[in-house]
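For the protein sequence lines, the chains are A and B, in the order given. According to the numbering used here, the first sequence is numbered sequentially starting from 1. According to the numbering used here, the second sequence is numbered sequentially starting from 165. We put the beta carbon where it would ideally sit given N, CA and C, even for glycine.
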Amino acid sequence: MKVPVSIQINGRLYESEVEPRKLLVHFIRDLDNLTGTKVGCDTSQCGACTVLLDGVAVKSCTCLAVQADGAEVTTIEGLAQNGELHPLQEAFWNKHGLQCGFCTPGMIFASHELLRTNPDPTDEEIRHGLEGNLCRCTGYQNIVRSVREAADIMNADTQDGGEG
Amino acid sequence: MFAPRFGYHRVSSVAEAGALLREHPGAKLLAGGHSLIPVLKLRLAEPPALIDIGRLAELKGISVEGEAVRIGALTTHAELAASADLEEHAPALAEAAGMIGDPAVRNRGTIGGNVAHADPASDLPTVLLALDASFEIVGADGERTVAAADFFQGMMATALGDDDLLTAVVLPARPPGQGQAYAKFAHPASRYAVIGVAATLEVNDGVCSAAAVAAGGLVPVPTRAPSVEQALVGEPAAGDAIATAASQIGTDLGDDLIGDLFASAEYRKAVAGVYVQQALATAAERIG
Ligand SMILES: Cc1cc2nc3c(=O)[nH]c(=O)nc-3n(C[C@H](O)[C@H](O)[C@H](O)COP(=O)(O)OP(=O)(O)OC[C@H]3O[C@@H](n4cnc5c(N)ncnc54)[C@H](O)[C@@H]3O)c2cc1C
Ligand code: FES
Ligand code: FES
């Protein structure tokens, strides 16, 4: 039995018939070669598959595509706007918040979630906010620095009347 | 990992969900999916169909009705943790919800799915037992309400029958002057509770007049701690009296303790008192 779904990913509508057991992460990765979203553990632990579902961070390996029917998804490919990197992407680059980069899309969306709910976190709050994401390379220090820098940039932008 | 094949029905009312449950024996309700999808991927269950209740607005949200707090079954852990109503009327529940898993898990997992799944390592059953919650259930024979003490029946076993749907959790609002707290020993990898303790304390004329303590994580089903509760009443809610009462927890836990590679049953039993003491001391600090 296949079920029709329509999911908007990075502003583009994808309509398809899926098996109900299809995971959102596979829908995203298979459909249009949007392979920025990773599958690390496949058991809800590592956060590599984190995307935004209607603006909120979720682990797409633990969400069925049918549950996202009618929703808007943002993947790492859709975070930059008009060719300009998101402040989180800039900060991960500048502060060396990645090495192999496998965990990075998920880390960025977990950070996005943290700054959405707590725009000016302490370093401890950053570490707690990233509790659901594992990195095998960086040792986390530079990830925390990256999130700190992104928060500072976004807060400065907000004060300047920008969009943050 | 791929789940086994299943049929899928998205419903637009509680009544429709009930009818489908009866029509498809063995079908499972799908709420946030954060227990069910992992179970399916590991092929620990092969339901013929999932009935997706995730969009039922009637099951979402928190309301304060007189002396009672009513929480729709689909309210997410993130919503519980951020609720000003819970902060005021059931702070231990908000505190425990904020300690579940990680932020992405809290965005999807729901209170109804958490208690229906009744994993012994879950946090919310323990708190709801200490807070004397009750559970509103719709089944084939109509509606009924079950008290927490009767709802949690064993490891992953509850009062919910195959055709039942949990609609809401109802709690008595915190009486003025009651302190509440939840203390947790989280598994460092999964964040699930190795030990979780919920406590409430009331003080009159300098001594404890009422106390409720429940422990979970280390037992197959969360348990109240009557020996600890009785040892507190009539004593000052501080220091030595709390430590002495907390040391009674071993009596209340019984012999059927959970142990695994990470923490043996003996170890859990030995450190349980530390978390009881922590929950009670924090609850005492918050009185007022
Ligand atoms: C990585 C990870 C870490 C976690 N850490 C913790 C933790 O630290 N503490 C903790 O307590 N939990 C933890 N959880 C579990 C989490 O809280 C789950 O969200 C919750 O247990 C299930 O809620 P759900 O809405 O996702 O339910 P689902 O997975 O959709 O359903 C679970 C079960 O409940 C049934 N069900 C759901 N809703 C109803 C209803 N209204 N009426 C009747 N039956 C219903 C379903 O049929 C199914 O059998 C964790 C989960 C993950 C993936
Ligand atoms: S792949 Fe989803 S959490 Fe690891
Ligand atoms: S940068 Fe390699 S896993 Fe994080």
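Between Glu15/A and chain B, is the shortest Cβ-Cβ distance under 7 angstroms, so that the two count as touching? Translated into positions along the first sequence, residue 15/A becomes position 15. Judged by the 7 angstroms Cβ criterion, Glu15/A is not in contact with chain B.
Considering only the alpha carbon of each residue, which of Leu34/A, Asp30/A, Val3/A lies closest to Glu77/A? Taking the first sequence and counting its residues from 1, one reaches residue 77/A at position 77. Glu77/A has its Cα closest to that of Leu34/A, out of Leu34/A, Asp30/A, Val3/A.
Tell me where the beta strand (DSSP E) around Asp69/A begins and ends. Residue 69/A sits at position 69 when you count from the first residue of the first sequence. Note, Asp69/A: premise wrong, no beta strand (DSSP E); not H, not E.
(message) Below 6 angstroms, is the gap between the Cβ of Ser428/B and the nearest heavy atom of ligand 2?
(response) The residue you call residue 428/B lines up with position 264 of the second sequence. No - ligand 2 has no heavy atom lying nearer than 6 angstroms to the Cβ of Ser428/B.
Same chain only: Cβ atoms within 6 angstroms of Ser146/A, ignoring 5 sequence neighbours per side: Position 146 of the first sequence, counting from 1, holds the residue named residue 146/A. Within the same chain, Ser146/A has close Cβ partners Ala91, Phe92, Lys95, Gly97.
Exercise for review: Closer than 8 angstroms, Cβ to Cβ, to anything on chain A: give me those residues from the segment 275-298 of chain B, in chain order.
Suggested key: none
Entirely within the segment 183-242 of chain B and at least 4 residues each: give me those alpha helix (DSSP H) ranges in chain order.
200-205
Going along the chain, which unbroken runs of the beta strand (DSSP E) with 3 or more residues stay wholly within the segment 21-107 of chain A? 50-53, 56-59, 72-74
Problem - Gly164/A versus Asn10/A - alpha carbon distance - result: On the first sequence, position 164 is the one that residue 164/A refers to. On the first sequence, position 10 is the one that residue 10/A refers to. With a pLDDT of only 43 at Gly164/A, under the threshold of 50, the placement of this residue in the model should not be trusted; the figure read from the coordinates follows. Distance between the alpha carbons of Gly164/A and Asn10/A: 19 angstroms.
Notebook entry, point to check: Applying the criterion that 16 or more other CB atoms from any shown protein chain within 10 Å of the CB defines a buried residue, is Glu113/A buried or exposed?
Noted result: For this step, residue 113/A is matched to residue 113 along the first sequence. Burial call: buried.
Check your understanding: Thinking C-alpha only, which one of Thr117/A, Tyr140/A, Pro121/A is nearest Gln99/A?
Key -> Numbered from 1 along the first sequence, position 99 holds the residue referred to as residue 99/A. Checking every option, the nearest Cα to that of Gln99/A belongs to Tyr140/A.
Query raised in the report: Do Met165/B and Lys205/B have their C-beta atoms closer together than 7 angstroms?
Result: One-based indexing of the second sequence puts residue 165/B at position 1. One-based indexing of the second sequence puts residue 205/B at position 41. Contact flag set, yes.
Practice problem: Can you give me, in chain order, the residues of the segment 78-92 of chain A that have a beta carbon less than 8 angstroms from any beta carbon in chain B? | Solution: none
*asked:* Within a Cβ cutoff of 6 angstroms, which residues of the same chain sit near Leu130/A, ignoring the five residues on either side of it in sequence?
replied: Counting from 1 along the first sequence, the entry for residue 130/A is found at position 130. Here the set comprises Ala110.
Does any C-beta atom of chain B lie closer than 7 angstroms to the C-beta of Asp152/A?
Here residue 152/A refers to the residue found at position 152 of the first sequence. So no, Asp152/A is outside the interface.
Whole beta strand (DSSP E) runs in the segment 338-404 of chain B with 3 or more residues, listed along the chain? 343-350, 357-368, 371-380
Enclosing alpha helix (DSSP H) for Tyr140/A [first to last residue] = Within the first sequence, residue 140/A is the residue found at index 140, counting from 1. Counting along the chain, Tyr140/A falls outside any alpha helix (DSSP H), and DSSP gives it neither H nor E.
Should Ser60/A be listed as close to ligand 1, given that the test is whether its C-beta is under 6 angstroms from any heavy atom? Taking the first residue of the first sequence as position 1, residue 60/A is located at position 60. Result no, Cβ not under 6 angstroms from ligand 1.
Can you confirm whether Arg272/B, when its beta carbon is compared against all beta carbons of chain A, has any partner nearer than 7 angstroms?
Here the question's residue 272/B lines up with position 108 in the second sequence. For Arg272/B, the answer is yes, since a Cβ of chain A falls inside 7 angstroms of its Cβ.
Chain B beta carbons: is any one of them nearer than 7 angstroms to that of Gly164/A? For the purposes of this step, residue 164/A is taken as residue 164 along the first sequence, with counting starting at 1. Note that Gly164/A has pLDDT 43, beneath the 50 cutoff, so the model's placement of it is unreliable and no number is given.
What are the residues in the segment 200-216 of chain B lying within 9 angstroms of chain A by C-beta distance? Ile201, Pro202, Leu204, Lys205, Leu206, Ala213, Leu214, Asp216
**OP:** Assign Val144/A to one of two classes, buried (16 or more other C-beta atoms within 10 Å of its C-beta) or exposed (fewer than that).
**Re:** The count along the first sequence starts at 1 and reaches residue 144/A at position 144. With 16 or more other Cβ atoms within 10 Å, it is buried.
Exercise. Could you tell me the distance, in whole angstroms, from the CA atom of Phe102/A to the CA atom of Gly196/B?
Key: Here residue 102/A refers to the residue found at position 102 of the first sequence. Here residue 196/B refers to the residue found at position 32 of the second sequence. Distance between the alpha carbons of Phe102/A and Gly196/B is about 26 angstroms.
- Query: Around the Cβ of Gly360/B, are there at least 16 other Cβ atoms within 10 angstroms (buried) or fewer (exposed)?
  - Reply: Along the second sequence, read from residue 1 onward, the residue named residue 360/B stands at position 196. Buried is the call here.
Q: Could you confirm whether any beta carbon from chain B is found closer than 7 angstroms to the beta carbon of Gly36/A?
A: For the purposes of this step, residue 36/A is taken as residue 36 along the first sequence, with counting starting at 1. For Gly36/A, the answer is no, since every Cβ of chain B falls outside 7 angstroms of its Cβ.
Quick check: is any heavy atom of ligand 2 less than 6 angstroms from the C-beta of Ala237/B? Taking the first residue of the second sequence as 1, we reach residue 237/B at position 73. For ligand 2, not one heavy atom lies less than 6 angstroms from the Cβ of Ala237/B.
Q. How should Ala376/B be labelled, buried or exposed, when 16 other C-beta atoms within 10 angstroms of its C-beta is the threshold for buried?
A. Residue 376/B sits at position 212 when you count from the first residue of the second sequence. Flag for Ala376/B reads buried.
Could you tell me whether any non-hydrogen atom of ligand 2 is closer than 6 angstroms to the CB of Lys46/A? Counted from its first residue, the first sequence places residue 46/A at position 46. In the sequence as displayed, the identity of residue 46/A is Cys instead of Lys. Yes, since a heavy atom of ligand 2 falls inside the 6 angstroms radius drawn around the Cβ of Cys46/A.
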